[in-house]
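Chemist: Protein sequences, first through last, are from chains A and B. At position 48 of the first sequence the residue is numbered 47 (numbering that gives the first Met the number 0), and the sequence of numbers has no breaks. At position 210 of the second sequence the residue is numbered 209 (numbering that gives the first Met the number 0), and the sequence of numbers has no breaks.
Number of protein chains: 2
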Amino acid sequence: MGAEVKSGRCILFCGRPVEEADLLGLTRQPGDLVIGADGGFFTARRLGFSPDLAIGDFDSAPMPEPEANLEVHPAHKDETDCILGVDAGLARGFTRFIILGGTGGRLDHTVANLQTLRYLCERGARGELRERDCWAQVIQDETLELRRGAYLGEGAYLSLFAMSGECRVTETGVEYPLEDYPLSGAYPLGVSNHIRDTARITAQGTLLVMLCRECMSSFSSCERRKRSKKKNGQSEQ
Amino acid sequence: MGAEVKSGRCILFCGRPVEEADLLGLTRQPGDLVIGADGGFFTARRLGFSPDLAIGDFDSAPMPEPEANLEVHPAHKDETDCILGVDAGLARGFTRFIILGGTGGRLDHTVANLQTLRYLCERGARGELRERDCWAQVIQDETLELRRGAYLGEGAYLSLFAMSGECRVTETGVEYPLEDYPLSGAYPLGVSNHIRDTARITAQGTLLVMLCRECMSSFSSCERRKRSKKKNGQSEQ
């Protein structure tokens, strides 16, 4: 794509509601690019992330004011809003992506966004999905270290899933270790592990790594969407 | 496994809360086998499904009374409760599985249960996951027909995802048809389609087929779990 490689992160707000707790401590740093996909533009602004770019079809959110840096796509398109957002980040030279508001709503969107993490891997980039009760990343032929308590605090479960046919996995520093194990995408063996001190996960193949905890929120994602729309000044649909 | 092939369905209640609306019209028919995994035993009973078997480690739900047909597993095990349930059904000769309460909670559990649908496919069986806003099935080298309005009523979105490396897909009877398209698990192209009359989906490879609609529930899965536990006479944890 020719763009200079950027050391900052591309922070992408998708259409689902995002509250302070979903950031898992994330703040905007110098060098970061913040993109709002569809209604995510207003969420990013409300949370103080001053979005650099608004992107999407704006079929389910109002169009930002014309002064905003806008990239409007037709509603009838092949790409999800999330893919449009990561493509915009990739084109600008970013290789680290943090995606917010990409889970917790329609399950098909969540599955699509997990596949988007894999899409990033295949382009030499790395992405993560964040929400208050879940953190997810896809790794490919590499090693990831996760210390106990990272992102979600104590008591989170660590789970690994092969994302293609098979992935050879070595997992140490956990309650149930694996040694060069052929993890299959047709058998969920790697669910609900516990990190002892620091987990070290090596994948030969494509591996979805998740930290999850029992849901803490006292209201549903539907409710959160309604509240978020209200805060953003959008009307109910 | 040697068991005679059964024509009925294995209806499996997992640990997540299930309400009437999540059944999508399902009722128990003669020949069906009903299994409750962990707390799912009480859910099945509450919804009038008279479970034939209780299975699991019962680490997060009370043990059913000793008169129940019980299969108790250690809490420290490799298998998820859902896998234990489908294994019990497979061993009894069932090839059609309907899984309830397998989505809507921790996202790692949901991903595990989507992989369980693939596990069933690889054993010559077929499974589906149901909840009020989502219906999911995995197909492998076969054709599936879905009429408009099936399971979720009008307005549901149809989405397809390659579950292994690549899956060749032909999709007709929809707004955005595909013709022998090499769908990749690293690019979510098949999201949010609409069925015109009857969708006909042919997969060469392993394909996740989902029907989803915007969430209708007015309270969260956390809330539902609390209510469900209260109804089942279980104490809060």
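Note that beta-carbon positions come from the ideal geometry of N, C-alpha and C, so glycine has one too.
Could you check where the beta strand (DSSP E) with residue 202(B) kicks off and where it finishes?
Modeler: Your numbering for residue 202(B) matches position 203 in the second sequence. Taken as a continuous stretch (DSSP letters only), the beta strand (DSSP E) holding residue 202(B) covers 194-211.
Chemist: I'd like to know if the segment 138-150 of chain A and the segment 189-197 of chain B are in contact, where contact means that at least 3 CB-CB pairs between them fall below 8 Å.
Modeler: no
Chemist: What does residue 19(A) touch in chain B if you count any residue whose Cβ is under 7 Å from its own?
Modeler: Walking along the first sequence from the start, residue 19(A) turns up at place 20. Simply none; closest approach about 18 Å.
Chemist: Taking the C-alpha atoms as reference points, what is the distance between residue 54(B) and residue 69(B)?
Modeler: The count along the second sequence starts at 1 and reaches residue 54(B) at position 55. The count along the second sequence starts at 1 and reaches residue 69(B) at position 70. If you take the alpha carbons of residue 54(B) and residue 69(B), they lie about 6 Å apart.
Chemist: Taking the straight line between their C-alpha atoms, what separation do you get for residue 56(B) and residue 29(B)?
Modeler: Walking along the second sequence from the start, residue 56(B) turns up at place 57. Walking along the second sequence from the start, residue 29(B) turns up at place 30. The straight-line gap from Cα to Cα measures roughly 28 Å.
Chemist: Taking all protein chains shown into account, do 16 or more other C-beta atoms lie within 10 angstroms of the C-beta of residue 185(A), making it buried, or fewer, making it exposed?
Modeler: By 1-based counting over the first sequence, the position of residue 185(A) is 186. With 16 or more other Cβ atoms within 10 Å, it is buried.
Chemist: Could you tell me the distance, in whole angstroms, from the CA atom of residue 106(A) to the CA atom of residue 138(A)?
Modeler: The sequence position of residue 106(A) within the first sequence is 107, counting from 1. The sequence position of residue 138(A) within the first sequence is 139, counting from 1. Approximately 22 Å, taken between the alpha carbons.
Chemist: Buried or exposed for residue 6(A), going by 16 or more other Cβ atoms inside 10 Å?
Modeler: If you number the first sequence from 1, residue 6(A) lands on position 7. Exposed, by the Cβ-count rule.
Chemist: Might you give, ordered along the chain, the residues of its own chain that have their beta carbon closer than 8 Å to the beta carbon of residue 78(A), omitting 5 neighbours on each side?
Modeler: Position 79 of the first sequence, counting from 1, holds the residue named residue 78(A). Contacts found: 72, 86.
Chemist: Using the Cβ count rule (16 or more neighbours within 10 Å means buried), how would you classify residue 101(A)?
Modeler: As a first step, residue 101(A) must be located in the first sequence, where it is residue number 102. So residue 101(A) counts as buried.
Chemist: Taking residue 162(B) as the query, report the chain C residues whose CB atoms sit under 8 Å from its CB, ordered along the chain.
Modeler: No chain C is part of this structure, whose protein chains are labelled A and B.
Chemist: Note down, in chain order, every chain A residue with its Cβ under 7 Å from the Cβ of residue 158(B).
Modeler: Stepping through the second sequence from its first residue, residue 158(B) is reached at position 159. Chain A residues near residue 158(B): 107.
Chemist: Rounded to whole angstroms, what's the CA-CA distance from residue 180(A) to residue 206(B)? Just pull it up for me.
Modeler: The residue you call residue 180(A) lines up with position 181 of the first sequence. The residue you call residue 206(B) lines up with position 207 of the second sequence. Between residue 180(A) and residue 206(B), the C-alpha separation is close to 25 Å.
Chemist: To the nearest angstrom, report how far apart residue 200(A) and residue 31(B) are at their CA atoms.
Modeler: As a working mapping, residue 200(A) is identified with position 201 in the first sequence. As a working mapping, residue 31(B) is identified with position 32 in the second sequence. A straight-line Cα-Cα distance of about 42 Å links residue 200(A) and residue 31(B).
Chemist: Can you give me the Cβ contacts of residue 183(A) inside the same chain, cut-off strictly under 7 Å, excluding the 5 residues immediately before and after it?
Modeler: Against the first sequence, residue 183(A) aligns to sequence position 184. Cβ within range, chain order: 161, 165.
Chemist: By Cβ distance below 6 Å, which residues in the same chain neighbour residue 136(A) in space, the five residues on each side in sequence not counted?
Modeler: Residue 136(A) sits at position 137 when you count from the first residue of the first sequence. Same-chain partners within the cutoff: 127, 208.
Chemist: Cα separation between residue 36(B) and residue 93(B)?
Modeler: Stepping through the second sequence from its first residue, residue 36(B) is reached at position 37. Stepping through the second sequence from its first residue, residue 93(B) is reached at position 94. Approximately 16 Å, taken between the alpha carbons.
Chemist: Quick check on residue 214(A) - is its C-beta less than 8 Å from some C-beta in chain B?
Modeler: Within the first sequence, numbered from 1, the residue matching residue 214(A) stands at position 215. Judged by the 8 Å Cβ criterion, residue 214(A) is in contact with chain B.
Chemist: Checking contacts by CB at 8 Å: is residue 86(A) closer than that to chain B?
Modeler: By 1-based counting over the first sequence, the position of residue 86(A) is 87. So no, residue 86(A) is outside the interface.
Chemist: Strictly under 8 Å for the Cβ-Cβ distance: is residue 177(A) near chain B by that measure?
Modeler: For the purposes of this step, residue 177(A) is taken as residue 178 along the first sequence, with counting starting at 1. Not an interface residue.
Chemist: Determine, for residue 73(A), whether the minimum Cβ-Cβ distance to residues of chain B falls below 8 Å.
Modeler: For the purposes of this step, residue 73(A) is identified with residue 74 of the first sequence, where counting begins at 1. Not closer than 8 Å to any Cβ of chain B, the Cβ of residue 73(A) fails to qualify, so no.
Chemist: In this structure, how does DSSP classify residue 168(A) when only helix, strand and coil are distinguished?
Modeler: Here residue 168(A) refers to the residue found at position 169 when the first sequence is read from its first residue. Residue 168(A): strand per DSSP, three-state reduction.
Chemist: Which residue from 65(A), 9(A), 14(A) puts its Cα closest to that of residue 38(A)?
Modeler: Start at 1 with the first residue of the first sequence, and residue 38(A) comes out as number 39. Per the Cα distances, 14(A).
Chemist: If you count every other CB in all the chains shown that lies within 10 Å of the CB of residue 75(B), and 16 or more means buried, which is it?
Modeler: Position 76 of the second sequence, counted from the first residue, corresponds to residue 75(B). Exposed, since its Cβ has fewer than 16 Cβ neighbours within 10 Å.
Chemist: For residue 188(B), return the contacting residues in chain A, with the cut-off set at a CB-CB distance below 7 Å.
Modeler: The count along the second sequence starts at 1 and reaches residue 188(B) at position 189. Correct list: 77.
Chemist: Any chance you could list the alpha helix (DSSP H) runs of at least 4 consecutive residues sitting entirely within the segment 51-128 of chain B, in chain order?
Modeler: 80-90, 106-121
Chemist: Using DSSP with H/G/I as helix, E/B as strand and the rest coil, what is residue 42(A)?
Modeler: As a position in the first sequence, residue 42(A) is number 43, starting the count at 1. Looking at residue 42(A) - three-state DSSP - the assignment turns out to be helix.
Chemist: At 7 Å on the CB atoms, spell out the chain B contacts of residue 121(A), in chain order.
Modeler: Looking up residue 121(A) in the first sequence gives position 122. Chain B residues near residue 121(A): 185.
Chemist: Do you know whose CA, among 134(B), 156(B), 121(B), lies nearest residue 140(B)'s CA?
Modeler: If you number the second sequence from 1, residue 140(B) lands on position 141. Taking only the C-alpha atoms, the option nearest residue 140(B) is 121(B).
Chemist: Determine the burial state of residue 49(B): buried for a count of at least 16 other Cβ atoms within 10 Å of its Cβ, exposed for fewer.
Modeler: Taking the second sequence and counting its residues from 1, one reaches residue 49(B) at position 50. Exposed, since its Cβ has fewer than 16 Cβ neighbours within 10 Å.
Chemist: Shorter than 8 Å from the beta carbon of residue 148(B) to some beta carbon of chain A?
Modeler: For this step, residue 148(B) is matched to residue 149 along the second sequence. It does not; no Cβ of chain A falls within 8 Å.
Chemist: Going by C-alpha to C-alpha distance, which of 98(B), 204(B), 4(B) sits closest to residue 89(B)?
Modeler: Taking the second sequence and counting its residues from 1, one reaches residue 89(B) at position 90. Closest by alpha carbon: 4(B).
Chemist: What would DSSP say about residue 2(A), mapped onto helix, strand or coil?
Modeler: The residue labelled residue 2(A) in the question sits at position 3 within the first sequence. Three-state DSSP puts residue 2(A) in coil, outside helix and strand.
Chemist: Could you have a look at residue 10(A) and say whether DSSP puts it in helix, strand or coil?
Modeler: To locate residue 10(A), count along the first sequence from 1; it is residue 11. Of the three classes helix, strand and coil, the one that applies to residue 10(A) here is strand, per DSSP.
Chemist: Run through chain A and tell me which residues come within less than 8 Å of residue 110(B), C-beta to C-beta.
Modeler: Residue numbering aside, residue 110(B) sits at position 111 when the second sequence is read from its first letter. Residues of chain A whose Cβ lies closer than 8 Å to the Cβ of residue 110(B) are, in chain order, 113, 158, 160, 187, 207, 209.
Chemist: Please tell me whether residue 11(B) and residue 150(B) are closer than 8 Å, where the distance is taken between their beta carbons.
Modeler: Translated into positions along the second sequence, residue 11(B) becomes position 12. Translated into positions along the second sequence, residue 150(B) becomes position 151. No; because the gap between Cβ atoms is not below 8 Å, this pair is not in contact.
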